[in-house]
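Participant: Going by this note's numbering, 52 is the number at position 52 of the sequence shown; the sequence numbering is gapless. Pasting a structure below so you can have a look.
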Amino acid sequence: MKKLEQLAFDIFAPKDAQTVTEWAIDNIVIPSSISAYGGNYKPINKYVIEPLNRAGELGTERLVLNWSTQASKTLCMSIILLNGIATNPRTSLVVFPSAELGRRYSIDRLQ
């Protein structure tokens, strides 16, 4: 009976707190068709870690990503969105310059 109780406690025990970066490393697989760094996610750009983790903090309502081109902004945005869906579903907004770019992003990268 003790074994059964322990099993039940293990099933319903709260998960350990993870930063968004840790969650991404455990859960995100990048298709090699969209990135030269395909496979399990690894933060190759150290400047991505702080915004990712900030996005997962309680009270963060807005996050502006602004850095040079080809430096993981879209991937960072995707990870933040997917982490929010997986861990704490809430209203989210991702803005693209046109509906066509948004559609393409949704089909090519998010699905």
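Here a beta-carbon is modelled for each residue, glycine too, at the ideal position from N, C-alpha and C.
Taking the Cβ atom as the reference point for each residue, do V20 and N53 lie within a distance shorter than 8 Å?
Facilitator: yes
Participant: Let's see if you can read the secondary structure: which residues bound the alpha helix (DSSP H) around N88?
Facilitator: Neither: N88 is in no alpha helix (DSSP H) and is coded neither H nor E.
Participant: Expressed to the nearest angstrom, what Euclidean distance is found between the alpha-carbon atoms of W67 and A55?
Facilitator: 16 Å
Participant: Which of the three DSSP states is assigned to G102 in this structure?
Facilitator: helix
Participant: Which residue wins for smallest C-alpha separation from T60, given the options Q70, Q6, S92?
Facilitator: S92
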